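Student: Numbering (numbering that gives the first Met the number 0), first residue to last: 0 to 165.
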Amino acid sequence: MELRSALATLDSDPGFAGWKSLHKDAYFSHAFTMLQDQQEDWQLGFYQHKDEKITTFVVKPHGVEMRDAEETFKREESRIEEVRLPKNALELKEVIRKANEFQQERYPKDRSMKIITLLQNLPEYGSVWNITYVTQQFNTLNMKIHPSTGEVLDHKLSSIFSFRQK
């Protein structure tokens, strides 16, 4: 399921409509899914500034599930901005195609086992796809990709072992 379809499914869900009527200040803050053999469900997050919590709605092929509001993972001085999906935004499959081309050109030995996708609003980029490949070589390739053009704005290859606590 593409993101626009997931958002449309969520918008038509009575449970979401009821929640939204009680949380008028909440706004769309992220879209998350993982790809391995197939795409997993979309997790769509809505940030409530007043409570500094995020409520996530999981959009499945046959319905929507609401998770309890959770504390945010951010620095105290940071702000979680609203994600604005441009009208001309590429579909996720096209963003992944561009990411695959970049990976094959720059890092051909780092073949992906799992792809983590996150649409979020970052201060340096605005709304951006944050795509992470977990590779067979125990690396992560993180790419920031423009949602409309598919341009790779930034990237970084890191060893999974570099994330260990010291």
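Backbone N, C-alpha and C define an ideal beta-carbon position, used for all residues, glycine too.
Because the structure is a prediction, the values reported are computed rather than measured.
Less than 8 Å between the CB atoms is what I'm expecting for V58 and S126, so what's the real figure, rounded?
Tutor: In fact, because the Cβ distance is near 19 Å, the residues do not count as touching under 8 Å.
Student: Could you name the residues of the same chain whose beta carbon sits closer than 6 Å to that of P122, not counting the 5 residues immediately before and after it, in chain order?
Tutor: none
Student: Please classify E100: does DSSP put it in a helix, a strand, or coil?
Tutor: helix
Student: According to DSSP, what are the bridge partners of W128?
Tutor: Per DSSP, L118 and I144.
Student: Please check the pair N87 and S147, which I expect to be a contact at CB under 8 Å, by giving their CB distance rounded to whole angstroms.
Tutor: The distance from the Cβ of N87 to that of S147 is about 5 Å, consistent with a contact at the 8 Å cut-off.
Student: Please identify the residue among Q38, K155 and L6 whose C-alpha is closest to the C-alpha of Y106.
Tutor: K155
Student: Within the same chain, show all residues whose beta-carbon is closer than 7 Å to that of F15, passing over the 5 residues directly before and after it, in chain order.
Tutor: Closer than 7 Å at Cβ, skipping near neighbours: L9, F56 and V63.
Student: Looking at I114 and T139, is the spacing between their C-beta atoms short of 8 Å?
Tutor: no
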